[in-house]
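Residue numbers (my numbering): 7 to 503.
Every residue, glycine too, gets a C-beta built ideally from N, C-alpha and C.
First up is the structure itself, then whatever we jot down about it.
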Amino acid sequence: MIHRPFFYAASAAQPHGRLRHFCIMTLCMALLFLAACASRKASQNAPELPARHWLEEAPGVPVENKVKLESAVPNLYDPDKTFRFDDCVYLTIQQSPMLVNSAVDLEVKRLQLTDAIWQYLPEPRMTLTASSNLTQYNDSEKDKPSDYGQPKFQIGFYASFPNPLATYFNHQVQKIMVSLAISAHRKAIGAALTQIAEIYLKLEAQRKIMEQQKSLLPLNKELIAYWQQVEAVEGRQGVSVNMARQKERQAQLQVEKSEMEAVMLQTKLKILAGVDPRQKLKLDTSDADSILRGFNGHNLQWENRWPATEDELIVRTQVVLHDYNIMVAWAKYVPDMTIHVNNNPPAGQYQPAKGTSDLFVHLNFDFPLLDWGRRYRGVQTARMGKAKAFHEQARRRTDYSNKWLQSEQRVSMAETGKKLARNSLDVAEMEYKEAEIAFREGVGDFPAVMNKKEAVVNSRIKYINAELELELAQLEWMDVANVLQERYLGLPAKEIK
């Protein structure tokens, strides 16, 4: 038998050749459209709209100023858009692969919570029994039923009632697991924010360093011209000119190296935000200074910031979680109860041979008489889990205070390093001014001025790097204090739902 396609059966009245021609044209147009889409994707200037917005798919994760996020999302995919820090933050929240696992885990926990709610209800089941004689030893008996030896079918129903205590406490456990998943998702977002801020600070420092390196290129050309004039007058063999050209080439290579480092940082940012590294992403790092604006860790106390972190909420929630786990373990002492509806009569119930089978309701209680201590060991294991959670809470608090102290020490050391770099820069600038004055007065020569200028540029680059080290140390302290995450996501939940 030949099965015709649905569209052929629906249009049997049309000419066969016209239909085939129409299908071929449609297929060709579809292939051309896909090719055009692929070509447009390869040359597009901005990332594509993702298939799923994880933050919207995971409600319950608060975002500070959600209206700003919603207004920023449609503009993230403008081909001519220049991304500032906030734009990169929203783009990362929108589609970063770093957030997929935690967002999916949150969705799974929500499904498990829904499943725990439905476990309050019993699950009715139907049984269908088909019976037939394997032997017919009673076939010759006179009082045998008329349907002796024939297949019989029985339909029954039963339902196992869930353990009410275990179901209730399991429901509470799943609610806490959702809270933990939300905290884990928020922590993943906070980690992504810190990485974006670190890249932005490095890109801005790299831009300043390249400006200083490029400032040497015209001076190198002047040095080459200077030695060409000197050697033309003195009749030298061009050794100084060659050395000056090598120095110019070295300066150009330094600029190229810095440009490649900036490209690598941009690629890292694209990967973090879930953008194809081959796509263009125009960045504006001029607002990098706003990341640390208003933050001064010296004015904060770690005892006040510890309750504002996700870790504190997680360890506090885990203690409550183990309380419910203990109750779940105790609930296993409750007997199981099932209800059956079938044609099986209880012992002693008379059923006539040629009568109609009755339906019976059976209510069964299953009491454990001896479980060899299995339930008790389960309760003790749950208790040990709670004790471990208490110790983990104290350990996390101690670790947090140690991280705070280490961050404070790194900032203090970076501040000292910045002062040293500033002092070295001041000395280099004074030596450069002295050499420049000597050159104007005819006491010094231009190569000496050039050397001092290079020393100033190198000192200024070291000062920029020292500034960057201080900013990164402050960013690390900011991350420990949970200030940057709080700016975009708000404070973590205080009450366990």
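Cβ neighbours of residue i in the same chain (closer than 6 Å, five flanking residues each side left out)
i       : result
Glu-254 : Asn-226
Phe-373 : Pro-341
Asp-329 : none
Gln-260 : Gln-219
Glu-63  : Because Glu-63 sits at a pLDDT of 42, beneath the cut-off of 50, its placement in the model cannot be relied upon, and the point is left open.
Ala-499 : none
Ala-41  : Low confidence applies here, because Ala-41 scores a pLDDT of 43, under 50, leaving its location unreliable; read the following figure in that light. Closer than 6 Å at the Cβ level, and outside the excluded window around Ala-41, lies no residue.
His-368 : His-346
Gly-280 : Gln-101, Ser-102, Pro-103
Residue j beta carbon less than 9 Å from that of residue i
i       : j       : result
Thr-133 : Tyr-164 : yes
Asn-488 : Gly-300 : no
Ile-297 : Ala-203 : yes
Val-455 : Glu-435 : no
Met-216 : Ala-268 : yes
Lys-392 : Asn-331 : yes
Gly-303 : Glu-414 : yes
Tyr-469 : Leu-431 : yes
Asn-370 : Thr-344 : yes
Asp-86  : Lys-288 : yes
Gln-234 : Val-247 : yes
Leu-209 : Leu-278 : no
Arg-403 : Trp-483 : no
Cα-Cα separation, residue i to residue j
i       : j       : result
Arg-380 : Gln-491 : 45 Å
Glu-440 : Asn-457 : 12 Å
Ala-294 : Val-334 : 51 Å
Trp-124 : His-177 : 9 Å
Ala-337 : Thr-173 : 9 Å
Ala-461 : Leu-271 : 27 Å
Leu-497 : Ser-418 : 28 Å
Gly-384 : Leu-127 : 25 Å
Asp-317 : Leu-476 : 26 Å
Pro-453 : Gln-256 : 16 Å
Tyr-143 : Gly-155 : 10 Å
Ile-99  : Lys-286 : 19 Å
Thr-323 : Leu-186 : 7 Å
Lys-263 : Val-433 : 27 Å
Thr-291 : Asp-93  : 11 Å
Thr-422 : Ala-472 : 9 Å
Ser-137 : Trp-378 : 39 Å
Leu-327 : Met-390 : 13 Å
Gln-180 : Leu-112 : 11 Å
Arg-416 : Gln-101 : 33 Å
Ile-205 : Leu-481 : 11 Å
Leu-229 : Leu-478 : 37 Å
Leu-411 : Asn-429 : 27 Å
Pro-168 : Asn-348 : 21 Å
Met-249 : Thr-88  : 42 Å
Leu-117 : Val-106 : 17 Å
Cys-43  : Asp-84  : Unreliable positioning characterises Cys-43 in this predicted model, as indicated by a pLDDT of 46, which lies under 50. A coordinate reading is not provided.
Leu-171 : Arg-131 : 23 Å
Ala-400 : Arg-466 : 46 Å
Thr-141 : Ile-161 : 23 Å
Glu-158 : Ser-363 : With the sequence shown as reference, residue 158 is identified as Lys, and Glu is not the correct amino acid for it. Taking the straight line from one Cα to the other gives about 12 Å.
Same chain, Cβ closer than 7 Å to residue i, five either side skipped, listed in chain order
i       : result
Thr-273 : Pro-283
Asp-485 : Thr-200
Gly-244 : Glu-237
Lys-424 : Ala-472, Glu-473, Leu-476
Leu-306 : Ala-487
Leu-37  : Reliability of the predicted coordinates at Leu-37 is poor, the pLDDT of 47 falling under 50, and no value is obtained from them.
Phe-108 : Before going further, note that residue 108 is Ser rather than Phe in the sequence given. Only Ala-190, His-191, Ala-194 meet the Cβ criterion.
Phe-175 : Tyr-330, Met-333, Val-334, Ala-337
Ile-320 : Leu-186, Ser-189
For residue i, the residue or residues it bridges with in DSSP
i       : result
Phe-89  : Leu-289
Ala-506 : The displayed coordinates of the chain run from 7 to 503. Any statement about residue 506 would go beyond what the structure contains.
Val-347 : Phe-163, Val-367
Asp-372 : Asp-342
Pro-130 : Ala-165
Cβ-based neighbour list, residue i, same chain, cut-off 8 Å, excluding 5 preceding and 5 following
i       : result
Lys-409 : Val-486
Glu-265 : Met-216
Val-463 : Gln-218, Gln-219, Ser-221, Leu-222
Lys-459 : Leu-222, Leu-225, Tyr-438
Glu-129 : Ala-165, Ser-166
Val-325 : Lys-392, Ala-395, Phe-396, Gln-399
(message) To test your reading of the DSSP string, which unbroken alpha helix (DSSP H) runs of 4 or more residues are found completely within the segment 139-195?
(response) none
(message) I'd like the ranges of any alpha helix (DSSP H) spanning at least 4 consecutive residues and lying wholly in the segment 404-490.
(response) 452-487
(request) Please go through the segment 270-316 and give each complete beta strand (DSSP E) segment of 3 or more residues, from N-terminal end onward. (result) none
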